[in-house]
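Letter by letter, the sequence shown follows residues -28 to -1, 1 to 320 in mature numbering (1 follows the signal peptide of the UniProt record, and there is no 0).
Here's the structure, in structure tokens; my notes come after.
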Amino acid sequence: MRRQWVQGLLAAGLLTAAALAAPAAALAAPAAALPTTCSFLRATIVGTDGNDVITGTPGNDVVVTGAGNDTVIGNDGNDTVCMGTGNDRFDGGPGSDFFVSESVTDGVDVFVGGGFPEFGGDIFSYANRTTPVTVTLDGLANDGQAGERDNIDIKSYVQGGKGADLLTGSGGHDFLNGMGGDDTLRGLGDNDELWGNVGSDRMFGGQGDDYLVGGPGNDVSIAEPVLDGADFFEGGGGKDEAQYKTRTMPLFLSLDTVANDGAQGEGDKIWIDVEDLSGGSAGDVLRTSGESAHPNSMPANNLLSGGDGNDILIAFENDVTVDAVDGNAGSDVCQTDFGSDVTQNCEL
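Laid out in structure tokens, this is it:
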């Protein structure tokens, strides 16, 4: 389920587009009046500061509009669109289209994707924003910064900005990329791909077989209270945690390359670059890899196996259950109740 971030792929295709003439509905602005690039691509269609209606060509268009309430109809091709201030609307049409929002609130915008329903469709980007944005792919005018009321009506890719964003998917296949800031990503139903990117992010895959990548920062993948599909969590840089705290059924959690994590038969895969494991309230088995890690169990009769690294194994202090803690190789710190808990291979 690994995928390259698609902006580069789209750009590669757009750079081959021939120079296009603006249709009659949009008069070409003077060269100095509006930017002539969009997402580092040379504009092929430039609007005015009035209320423009621009229809693209069957090819790959790069469209820049100014002030005013503009409508851009992408037509065929993989189009890139930068729209200015005003209440704007972009209908992508067929193809993989890329809509770039301004760096500040820029009116009540509507983005209607028309790309492929699977991964490889349209992208809406708030990457220029420094203030937190909220995006919910529900077809309602509730997206953007507080009070902005954008409506991002796509079932594909969304990029957040540099702030602490909240991105929520639809019931279909979604790709949510937090970009900068400490973001919260919620995939909801179906098979989603969540990328925290820069910052310390919280990711909820929801139902379906989800792929979650933390990126730089201290990221947390949070499982649903019930079985939620075969998920793959890759931590990236920082100190990352796979968290199953709301689970009430026994769990097996291990930091390796095998899809054998979660409840029996669930088939999650927690990658070896994840440092922390948090179990649920049943009798769990938490096993680290050779990397240093910090498994932390909820109250239960747990077996914590440290693996080969210098581990910290926390068997939920001050509880009344019997825990078995095995540090295995390495210099391990085992924190238990020092009552009826059983420990071995614990050096500290």
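Glycine included, C-beta positions come from ideal geometry on N, C-alpha and C.
Owing to the predicted nature of the structure, the values given are computational and were not obtained by experimental measurement.
Return the residue from the list the options that minimises the CA-CA distance to residue i.
i, options, result
"M221", "E196, A231 and R259", "E196"
"I244", "G252, L225, G38 and G168", "L225"
"A235", "G209, A254, G168 and N169", "A254"
"T27", "F12, R14, A39 and V53", "V53"
"S73", "V36, I45, G65 and G67", "V36"
"L223", "G144, E247, V198 and G209", "V198"
"T308", "A301, V297 and N317", "V297"
"E247", "R219, D240 and G209", "G209"
"G79", "G85, G38 and T102", "G38"
"G64", "L112, S128 and T103", "S128"
"G111", "G135, E120 and V84", "V84"
"N232", "K211, R259 and D212", "R259"
"D228", "F204, G144 and C306", "F204"
"K241", "G144, S193 and P30", "S193"
Got a sec, what are the start and stop residues for the beta strand (DSSP E) residue i sits in?
i, result
"F176", "R174 to F176"
"E165", "E165 to W167"
"F96", "I95 to S97"
"R121", "Premise fails: R121 is in no beta strand (DSSP E) and is neither H nor E."
"R259", "V257 to R259"
"S250", "D248 to S250"
"N149", "F147 to N149"
"S303", "Per DSSP, S303 belongs to no beta strand (DSSP E) and is neither H nor E."
"D298", "A296 to D298"
"T156", "T156 to R158"
"I194", "V192 to I194"
"V107", "T106 to T108"
"residue 328", "Any question about residue 328 goes unanswered here, given that the chain covers just -28 to 320."
"T27", "V25 to T27"
"V53", "T52 to C54"
Quick check on the burial criterion: 16 or more other C-beta atoms within 10 angstroms. Buried or exposed for residue i?
i, result
"S97", "buried"
"T9", "exposed"
"D313", "buried"
"S303", "exposed"
"Q316", "exposed"
"A301", "exposed"
"F12", "exposed"
"A118", "exposed"
"L184", "buried"
"L139", "buried"
"G105", "Checking the sequence, you will find Val at residue 105 rather than Gly. It counts as buried."
"V130", "buried"
"R101", "buried"
"E206", "buried"
"L157", "buried"
"V76", "exposed"
"V230", "exposed"
"E90", "In this prediction, E90 scores a pLDDT of 48, lower than 50, which makes its location untrustworthy; the coordinate-derived value is nonetheless stated afterwards. Classification of E90: exposed, given that the 10 Å Cβ count is below 16."
Residue i and residue j look like a contact to me (Cβ under 8 Å); what is the Cβ gap, rounded to whole Å?
i, j, result
"D122", "D181", "With a Cβ gap of about 30 Å, D122 and D181 do not count as contacting."
"A202", "E238", "7 Å"
"Y216", "G251", "6 Å"
"D191", "D164", "Wrong, their Cβ atoms sit about 16 Å apart, outside the cutoff."
"G168", "G186", "5 Å"
"D33", "G49", "6 Å"
"L109", "G141", "5 Å"
"N41", "G19", "11 Å between Cβ atoms; not a contact."
"D146", "G171", "Not a contact, Cβ separation roughly 19 Å."
"G161", "N149", "Going by Cβ atoms, the distance from G161 to N149 rounds to 19 Å, so no, they are not a contact pair."
"A136", "G116", "Going by Cβ atoms, the distance from A136 to G116 rounds to 15 Å, so no, they are not a contact pair."
Is residue i helix, strand or coil by DSSP?
i, result
"D115", "strand"
"F91", "Low local confidence applies: a pLDDT of 44 at F91 is under 50, so the model's placement there is unreliable, with the coordinate-based value given in what follows. Coil."
"F70", "strand"
"Y183", "strand"
"D233", "strand"
"P(-6)", "Residue confidence for P(-6) is low, a pLDDT of 38 falling below 50, so the modelled location carries little weight; the figure read from the coordinates is stated next. In this structure, P(-6) counts as coil in the three-state DSSP scheme."
"K241", "strand"
"N41", "coil"
"E319", "coil"
"F12", "coil"
"A3", "Confidence at A3 is low in this model, with a pLDDT of 40, below 50, so its placement is unreliable and no value can be given for it."
"T308", "coil"
"V84", "strand"
"R219", "coil"
"E206", "strand"
"S226", "strand"
"R101", "coil"
"I126", "coil"
"S264", "Any reading at S264 must be qualified, since the residue scores a pLDDT of 49, below 50, and its modelled position is unreliable; the value itself is stated next. The answer is coil: DSSP assigns S264 none of H, G, I, E or B."
"D63", "strand"
"V36", "strand"
"V314", "strand"
"V18", "strand"
"A214", "strand"
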